[in-house]
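The structure under discussion appears below in the form of structure tokens.
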Amino acid sequence: MTDRTHPESDEIGGTRSRATGIDYVHLIQRGLECFTRGEIEAADASFKRATEKFPDGADGWANRSATLLMLDQTAFALECAERALALGAQSEPSGTNRALALMQLGRYRDAIAAHDEILARDRRRTDILVERGNASRALGEPENALTDYRKALAIDRDLLSALTNCGSVLLELGDAQGALLNYESALAVNAASADALTGKGAALAHLRRFDEAAACHRQALTLAPENAEAHNNLGGALLNLNRVDDALAAFDRAIQFKPGWPVPLANRGNALLLAKRYAEATETFGKVVALDESYDYALGDLMLSRIQNCDWSEYDYGKTRIDALVSRGIPAIKPLTTALLFDDPNLARRCAEIYTHRKIGTAESRRGINLPRTESERIRVAYVSADFREHAASYLLAGLFERHDRKNFEIFGIGCSPPENSSTRRRIVDACDTFVDASAWDDEKLRVFFRESRIDIVVDLTGHTRNGRTTLFALDTGAVHVNYLGYPGTMGHQAYDYIVSERYIVTHANRMVFTKPVLWL
């Protein structure tokens, strides 16, 4: 709102009219009083009358832009702000109202230009720096957003909005540890910030600290019980802890509080698939696709749930739609689902490329480790798996580990799923020279372990199946990266050096989709 409630003389907008000027001032004052009491519609009505009585008065248009923003009449609010500026209103708050309106209208480039005009007059406007960062983020430019948030924090290191937004962007960029530090700083400023608690929980989940993540989300929900994001994130943490029923309850609450949001619906569908409740999963994924057919993997998950329920009625149509979406680079189906549903090598490769680009991003440069070795030193092989449990892969792997040539090879088992007390798990553990329960380790901790342990070869036994650690292989571990057994298809990413396979899997017909050399069994 503007504080220019009185004209400086009887000249208003260049036209002399004392009676009109007095009426105008009274209408402005009345509008401001209504605004102060929270009577926004009454305030807007008063400002509207002021602009009708004196259309050349900048204050009326400036104040009306503020009330219209609050009444969600954004396009008209923008017109009012621009008219106020054209009539010579003070640059603030009309400039800010104009920038806010442009943001709400999704005109993010124009909003950034408006922010720049404000910052040219006052570079210490932290609120504008944060909003400029929000615009960059909306444009898919997280690095630019991070720059603006950090500029705001350089001026005010305790600015809550900048700290939480910084955390969100760092999480988006894959720096979960950096995000966690920002959220903890935000909570030091305001321990009752539900947004900061929800963000901290998301960062902890990315770091695979799922129990702590769930606790954070529960704490956030005590402050904001209807926070759909916190309910959804709580469900995700619980699902990673294999608490499927509790996860479903959390997703249902997220849907209750934000019915048109596809994220908890898709998560609910995945939980139902895990619970083998295929009819319910089909219904849920159908709702996701109805909201947004191109939502990540929704169409493929819908097809999978239907077929698991012995419903092949939409198979041909579904394949046609998936082909169309994938051809546009849209992640319509997961690589494993592609392998289960279709015999189409080119589609499998393209889906894997889209999936890994979305999940992994760009692999780090590989500089190797180049540590000195003695002739008698064994080659160290680390097998990474989420399936060291009662699982078909482990039934095969236990015997393999037991038969390894221990004279020349030292075997490390890296378990990435919660430990279980099964005979198969115990057999795997006993067959390894070193076994590590890394279910709560993040990728960076594993990378450090591999380097400090001087691992030569890291074998991915899970690949694109559930709880796979493909993001780990985008890091420079100092070792050779190999895909084997768990996902016997192309990984679609440069992070891997080889695939171990045989000619029933990698055939003459599909060899061209495997980008890495094959080590033949």
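Each residue of the sequence shown is one higher than the one before, counting from 1026 in our numbering.
Glycine included, C-beta positions come from ideal geometry on N, C-alpha and C.
Check: Taking Cβ to Cβ, would you say SER1186 is nearer than 8 Å to VAL1155?
Finding: As a working mapping, residue 1186 is identified with position 161 in the sequence shown. As a working mapping, residue 1155 is identified with position 130 in the sequence shown. The answer is yes: Cβ separation under 8 Å.
Item checked: Neighbour-count burial assignment, THR1247, 16 or more Cβ in a 10 Å radius -> Counting from 1 along the sequence shown, the entry for residue 1247 is found at position 222. Burial call: exposed.
Checklist line | Three-state class that DSSP yields for ARG1132 in the structure shown | finding: By one-based count along the sequence shown, residue 1132 stands at place 107. Note: ARG1132 maps to coil in three-state DSSP.
Note to self: Quick check: what's the CA-CA separation for ALA1068 versus VAL1050?
What the structure shows: As a first step, residue 1068 must be located in the sequence shown, where it is residue number 43. As a first step, residue 1050 must be located in the sequence shown, where it is residue number 25. Those two C-alpha atoms are separated by around 14 Å.
Next item on the list: Return the residue from the list ASP1336, ALA1520, ASP1181 that minimises the CA-CA distance to GLU1378.
Entry: Residue mapping note: residue 1378 aligns to position 353 of the sequence shown, counting from 1. For GLU1378, the closest of ASP1336, ALA1520, ASP1181 by C-alpha to C-alpha distance is ALA1520.
Checklist line | Option nearest PHE1426 by Cα separation, candidates ARG1450, CYS1441, GLN1281 | finding: The residue given as residue 1426 occupies position 401 in the sequence shown. That would be ARG1450, whose Cα lies nearest to the Cα of PHE1426.
Margin query: Using the Cβ count rule (16 or more neighbours within 10 Å means buried), how would you classify SER1526?
Written below: Numbered from 1 along the sequence shown, position 501 holds the residue referred to as residue 1526. By the neighbour-count rule (16 or more Cβ atoms within 10 Å), SER1526 is buried.
Item checked: Separation of GLU1251 from GLU1033, as counted between CA atoms -> Reading the sequence shown from its first residue, position 8 is the one you call residue 1033. Reading the sequence shown from its first residue, position 226 is the one you call residue 1251. Reliability fails at GLU1033, whose pLDDT of 27 lies under 50, so the model's placement of it is uncertain and the value that follows must be treated cautiously. The straight-line gap from Cα to Cα measures roughly 49 Å.
Notebook entry, point to check: Based on the DSSP output, what are the partners of LEU1544 in its beta bridges?
Noted result: What you label residue 1544 is simply residue 519 of the sequence shown in a count that begins at 1. LEU1544 has VAL1525 as its beta-bridge partners, per DSSP.
Check: Just curious, the beta strand (DSSP E) that ARG1405 is in, first and last residue?
Finding: Locating residue 1405 in the sequence shown gives position 380, where the first residue counts as 1. Taken as a continuous stretch (DSSP letters only), the beta strand (DSSP E) holding ARG1405 covers 1404-1410.
Notebook entry, point to check: Can at least three beta-carbon pairs, one atom from the segment 1258-1265 and one from the segment 1226-1239, be found at a separation below 8 Å?
Noted result: Contact check between the segment 1258-1265 and the segment 1226-1239: three or more CB pairs, one atom from each, fall below 8 Å, which counts as touching.
Item checked: Terminal residues of the beta strand (DSSP E) in which VAL1454 lies -> Within the sequence shown, the letter at position 429 stands for residue 1454. Segment 1448-1456 is the alpha helix (DSSP H) holding VAL1454; no beta strand (DSSP E) there.
Notebook entry, point to check: Given that a residue counts as buried once 16 or more other Cβ atoms are within 10 Å of its Cβ, and exposed if not, what is LEU1497?
Noted result: Walking along the sequence shown from the start, residue 1497 turns up at place 472. That one is buried.
Next item on the list: Would you tell me roughly how many angstroms separate the C-alpha atoms of ARG1405 and GLN1281, rounded to the nearest one?
Entry: Position 380 of the sequence shown holds residue 1405. Position 256 of the sequence shown holds residue 1281. Rounded to the nearest whole angstrom, the CA to CA distance from ARG1405 to GLN1281 is 51 Å.
Note to self: Please list the terminal residues of the continuous alpha helix (DSSP H) segment that includes ASN1258.
What the structure shows: For the purposes of this step, residue 1258 is identified with residue 233 of the sequence shown, where counting begins at 1. Where ASN1258 is concerned, the enclosing alpha helix (DSSP H) stretches over 1253-1265.
Check: With 16 other CB atoms within 10 Å as the buried threshold, where does TRP1545 fall?
Finding: Translated into positions along the sequence shown, residue 1545 becomes position 520. TRP1545 should be labelled exposed.
Next item on the list: Would you give the residue range spanned by the alpha helix (DSSP H) that TYR1174 belongs to?
Entry: Counting from 1 along the sequence shown, the entry for residue 1174 is found at position 149. Note, TYR1174: alpha helix (DSSP H), 1167-1180.
Notebook entry, point to check: To the nearest angstrom, how far is it from the Cα of HIS1518 to the Cα of TYR1208?
Noted result: Here residue 1518 refers to the residue found at position 493 of the sequence shown. Here residue 1208 refers to the residue found at position 183 of the sequence shown. Taking the CA atoms as reference points, HIS1518 sits about 32 Å from TYR1208.
Check: How is GLU1400 classed by DSSP in three states: helix, strand or coil?
Finding: Residue 1400 sits at position 375 when you count from the first residue of the sequence shown. GLU1400: coil per DSSP, three-state reduction.
Check: Curious, which full-length alpha helix (DSSP H) runs of at least 4 residues does the segment 1073-1160 contain?
Finding: Counting only runs that start and end inside the segment 1073-1160, the alpha helix (DSSP H) elements of at least 4 residues fall at 1083-1095, 1099-1111, 1116-1129, 1133-1146.
Next item on the list: Determine the closest residue to GLY1438 out of ALA1170, ASN1492, ILE1480, with distance taken between C-alpha atoms.
Entry: Translated into the one-based positions of the sequence shown, residue 1438 becomes position 413. For GLY1438, the closest C-alpha among the options ALA1170, ASN1492, ILE1480 is that of ILE1480.
Item checked: Assumed close pair THR1189, ALA1221 - CB separation to whole angstroms, cut-off 8 Å -> Within the sequence shown, numbered from 1, the residue matching residue 1189 stands at position 164. Within the sequence shown, numbered from 1, the residue matching residue 1221 stands at position 196. Right, the Cβ-Cβ distance comes to about 5 Å (below 8 Å), so this counts as a contact.
Next item on the list: List the endpoints of the continuous alpha helix (DSSP H) containing GLY1199.
Entry: By one-based count along the sequence shown, residue 1199 stands at place 174. First-last for GLY1199: undefined, no H or E at that position.
Notebook entry, point to check: Within the chosen definition, does the segment 1116-1134 reach the segment 1085-1092 through at least 3 CB pairs nearer than 8 Å?
Noted result: Contact between the segment 1116-1134 and the segment 1085-1092 is established, with three or more Cβ pairs separated by less than 8 Å.
Next item on the list: Tell me, to the nearest whole angstrom, how far the beta carbon of ARG1293 is from that of LEU1266; I am working on the premise that it is less than 8 Å.
Entry: Start at 1 with the first residue of the sequence shown, and residue 1293 comes out as number 268. Start at 1 with the first residue of the sequence shown, and residue 1266 comes out as number 241. Not a contact, Cβ separation roughly 16 Å.
Checklist line | Distance, ILE1153 Cα to ILE1143 Cα | finding: Position 118 of the sequence shown holds residue 1143. Position 128 of the sequence shown holds residue 1153. Straight-line Cα distance between these residues: approximately 8 Å.
Next item on the list: In the DSSP assignment, find the unbroken beta strand (DSSP E) run with ILE1332 in it and report its ends.
Entry: Along the sequence shown, one-based indexing puts residue 1332 at 307. Here ILE1332 belongs to no beta strand (DSSP E); instead the alpha helix (DSSP H) covers 1323-1333.
Next item on the list: Can you give me the Cβ contacts of ARG1108 inside the same chain, cut-off strictly under 7 Å, excluding the 5 residues immediately before and after it?
Entry: Taking the first residue of the sequence shown as 1, we reach residue 1108 at position 83. Only TRP1086 meet the Cβ criterion.
Margin query: With H, G and I counted as helix, E and B as strand and the rest as coil, what does DSSP make of HIS1506?
Written below: Here the question's residue 1506 lines up with position 481 in the sequence shown. If DSSP states are grouped into helix, strand and coil, HIS1506 belongs with the strands.
Note to self: With DSSP as the reference, identify every bridge partner of GLU1435, one or two as the case may be.
What the structure shows: One-based indexing of the sequence shown puts residue 1435 at position 410. GLU1435 is bridged by DSSP to ARG1405.
Next item on the list: Under 7 Å Cβ to Cβ from VAL1531, same chain only, skipping five residues before and after it: list those, please.
Entry: Position 506 of the sequence shown holds residue 1531. Non-local beta-carbon contacts of VAL1531 in its own chain, meaning distances under 7 Å to residues more than five positions away in sequence, involve PHE1539, VAL1543 in chain order.
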